[in-house]
Amino acid sequence: MNEQRKDILDMLAEGKITAAEAERLIAALERDQSPAASSLDARPKGKAKYLRLMVHTLEGGEPGRVDVRVPLQLLRAGVQLAALIPPQALDRANAELNKSGVPFDLTRLKPEHLEALVEHLDEMTVEVDQPDTTVRVFCE
Amino acid sequence: MPQSVTVRVERPEGRPIRIWVPVLPVVLVLSPVVALAVLGAAVACLVYRVSVVRALGAGWRVVSALPGTRVDIEQDRTAVLVAIR
């Protein structure tokens, strides 16, 4: 049995949610999981075109869903745009990052490094499963 | 370049709102504003010593790459969808 479906049934058994809420959650799960599962397991091995972020949450018995699809081409274009940021702006950003306790030097982040990162994104899949939250990041 | 932007808002109360925006006619109508924005961007590039041609090229590539973007958010029986084609 699917882990999330089991969680919903467990919550129903424990009386945390009503039968109507459980039905709605399972329906939402089925609706959202079918395209996600197919895109994860049976997606073509060719070049990925989109970065997909899917988040399912359950707050107070109410299901929440975020589904974002971003073309990888947009990320590449964004990298090229980011390469135009003037050095003085990067220095100020570095100073603010340092102040916030993140000692990160943005000037050392070269566009070619980001390009390589975007190129290899299609091999990446991130899945985070928690009882009330599921996050999936993958390329399709 | 994007052809259209679809915005759909569903709320528990009231009818769902669905807006379809054809990009090209809207850009044509707003062309004076777009021209001013491009001019402002070019001046900003000159002030910050950034190549105007590279900046406009990168901006155009971002706009051209927008089709296919889709943001779909659903919470508490309220759903918002923005899709660019």
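Each protein sequence line maps, in turn, to chains A and B.
Residues are numbered in this note's numbering as their position in the first sequence, beginning at 1, plus a constant of 802.
To convert, note that position 80 of the second sequence is 68 in this note's numbering; the numbers rise steadily by one, no gaps.
Every residue gets a Cβ at the ideal spot worked out from N, C-alpha and C, and that includes glycine.
Roughly how far, in whole angstroms, is the beta-carbon of A/L874 from the beta-carbon of A/L853, given that I think they are within contact range, below 8 Å? 6 Å
Checking contacts by CB at 8 Å: is B/T(-6) closer than that to chain A? no
Can you tell me the Cα-Cα spacing of A/E864 and A/R871, whole angstroms? 23 Å
Just checking, does the segment -8 to -1 of chain B make contact with the segment 58 to 71 of chain B on the three C-beta pairs under 8 Å criterion? yes
Within chain A, partners of B/Q63 - CB distance below 9 Å: T859, E861, E864, P865, G866, R867, V868
Can you tell me where the beta strand (DSSP E) with A/Q932 in it begins and where it stops? 927 to 932
Tell me which residue opens and which closes the alpha helix (DSSP H) that A/A850 is part of. No alpha helix (DSSP H) holds A/A850; DSSP gives it neither H nor E.
Since A/E805 and A/D931 are thought to touch, with beta carbons under 8 Å apart, how far apart are those beta carbons, to the nearest angstrom? 7 Å
Near-chain A residues of the segment 30 to 46 of chain B - C-beta to any C-beta below 7 Å: Y36, R37, V38, R42, A43, A46
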